[in-house]
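One structure is given below, encoded as structure tokens.
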Amino acid sequence: MTRGTPGIRSGMSEVAAVVDNWAGRNVLVVGDAMLDEWRFADTDRLCREAPAPVLTLRHRRASAGGAANTAVNVAALGGRATLVAPVGADTAGGEIRACLDRAGVRDHTLLRPDHPTPVKRRLLAADQILVREDEGGPAGPLPDDAVRLLLDALAGAADEVTGPGAALVICDYGLGALPGPVRAWLLAHRHSFDTVALDAHDLDAWRGLAPTVVTPSLGEAHAALRPGSGPPPAVRRGHRAGRRTGWRSPSRTCRNYGGGPGPRSSRSLSTSTEPWSATASGARTAATPTRCRRATRSAPGTPIWPRSRWP
């Protein structure tokens with residue numbers, strides 16, 4: 001037995017206990033849904049026109065992304081996930097809804113013919129991503145009738161998400177799923193949820209929410225924390241962010257280097273995964289594409305889910 005193995009076993013038991021805490025818990029997920037597409041190819045030569053590999057497509061895999069990814073993973077943990085999000089009345093939107101159905105997610109998506117579903121399409125060869133193509137980015141503001149329908153869907157879904165431990169997850173990537181009236185509704189109903197997790201590019205748009213957890217990227221954290229002077233800066237900036245925004249557990253994502261903690265300490269475990277796997281994130285460390293899957297424990301009952309974001 002190698003040195004440190006007992007500690008790893010103990011940590012894995014703690015992670016398992018956290019996952020078990022989410023079995024049967026009601027979780028409402030709201031925000032920008034997208035489709036993650038993976039195209040796997042073989043290559044053994046370069047083309048004559050340019051120093052680029054010639055690819056032979058072998059198979060394709062599609063999965064729910066963004067807010068839909070979060071809902072599917074909550075369901076995989078045993079939670080009762082409900083998704084409210086606009087999706088396009090197109091092929092990609094249909095694939096997202098099929099993913100939700102297979103996962104057992106309660107589907108309150110709003111079909112919009114004028115709202116193309118965002119797609120993040122990756123092309124891989126030899127298990128490495130060569131290129132990513134993004135399709136259907138920000139589509140502009142939703143029309144008033146769509147906003148009203150989205151609010152109706154949100155109110156109906158909220159009636160299903162009741163009981164002790166009810167949680168709200170907001171995925172705001174600036175794609176138009178969370179216009180002002182929807183944000184106002186969520187702020188007004190914050191008290192209905194024991195736990196609120198916020199994953200947003202623009203944290204200032206959610207002032208007053210007082211989320212339990214936020215998962216900014218490194219750039220988003222820098223913009224929100226506004227570094228000051230004097231030691232110890234990291235701790236002071238974290239507390240300042242908490243006072244200004246109301247969040248309780250700030251964390252940051254440092255691309256493929258993993259995440260950094262907020263004012264309190266955290267522990268992490270890493271296991272090997274495929275190069276294209278998303279990182280599993282806990283309460284304090286946001287997910288990033290990396291070779292390591294990090295399961296971060298911050299507090300009992302904290303969910304762990306892999307995420308995809310835009311961009």
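UniProt numbering puts the first residue of the sequence shown at 1, with every later residue one more than the last. Using N, Cα and C, we set each Cβ at its ideal position, and we do this for glycine too.
Report the partner residues of R48 according to the DSSP bridge assignment.
According to DSSP, R48 bridges with nothing at all.
Could you pull the start and end residues of the beta strand (DSSP E) that D42 belongs to?
33-42
Please classify L57 as buried or exposed, where buried requires at least 16 neighbouring CB atoms within 10 angstroms.
exposed
When the Cα atoms are used, what is the spatial distance from D42 to L130?
12 Å
Rounded to the nearest angstrom, what separates L161 and P51 at their Cα positions?
According to the sequence as given, residue 161 is Val; it is not Leu. Rounded to the nearest angstrom, the two C-alpha atoms are 54 Å apart.
Residue from V19, N26, L187, V54 with nearest C-alpha to G104
N26
Determine the closest residue to P216 out of A205, H201, D144, with distance taken between C-alpha atoms.
H201
6 Å CB neighbourhood of G163 in its chain, flanking five on each side removed
N26
Report all residues from its chain with a CB closer than 7 Å to the CB of A89; omit the five preceding and five following residues, and keep chain order.
L111, R112, P113
How far does the beta strand (DSSP E) with P86 in it extend, from its first residue to its last?
86-88
In terms of residue numbering, what span does the beta strand (DSSP E) encompassing R61 cover?
56-66
Quick one: is A17 buried, meaning 16 or more other Cβ sit within 10 Å of its Cβ, or exposed?
exposed
Only counting the same chain, and skipping five residues up and downstream in sequence, which positions put a Cβ closer than 7 Å to that of G176?
P138, A139, G140, P141, L142
Element boundaries [alpha helix (DSSP H), containing A155]
144-160
Using DSSP's beta-bridge definition, name the partner residues of A167.
V27, T195
Using the beta-carbon count (16 or more within 10 Å), is M34 buried or exposed?
buried
Taking the DSSP output, what are the residues bridged to V131?
L123
CB of V182 within 8 Å of CB of L151, strictly:
yes
Taking the Cβ atom as the reference point for each residue, do L83 and A62 lie within a distance shorter than 8 Å?
no
In chain order, what residues of the same chain have a beta carbon less than 6 Å from the beta carbon of R121, not counting five sequence neighbours either side?
E37, E133
Round the Cβ separation of R97 and A81 to the nearest angstrom and send it over; I've been treating them as touching at under 8 Å.
Contact flag wrong, Cβ pair sits at about 14 Å.
Give the DSSP-derived three-state secondary structure of T109 in the structure shown.
coil
Tell me whether T91 is buried or exposed, calling it buried when 16 or more other Cβ atoms sit within 10 Å of its Cβ.
exposed
Quick check on the DSSP output: the alpha helix (DSSP H) that includes A139 runs from which residue to which?
A139 -> no alpha helix (DSSP H), and no H or E assigned at all.
Buried or exposed: D32, going by 16 or more other Cβ atoms within 10 Å of its Cβ?
buried
Tell me which residues share the same chain as A205 and place their Cβ nearer than 6 Å to its Cβ, disregarding the 5 neighbours each side in the sequence.
none
Going along the chain, which residues of its own chain have a beta-carbon closer than 7 Å to the beta-carbon of R189, five neighbours each way excluded?
Sequence inspection shows His at residue 189; the Arg mentioned does not correspond to that position. Same-chain partners within the cutoff: A158.
Minimum C-alpha distance to G219 - residue among R207, L203, G208:
L203
Distance, Cα to Cα, A85 vs P179?
12 Å
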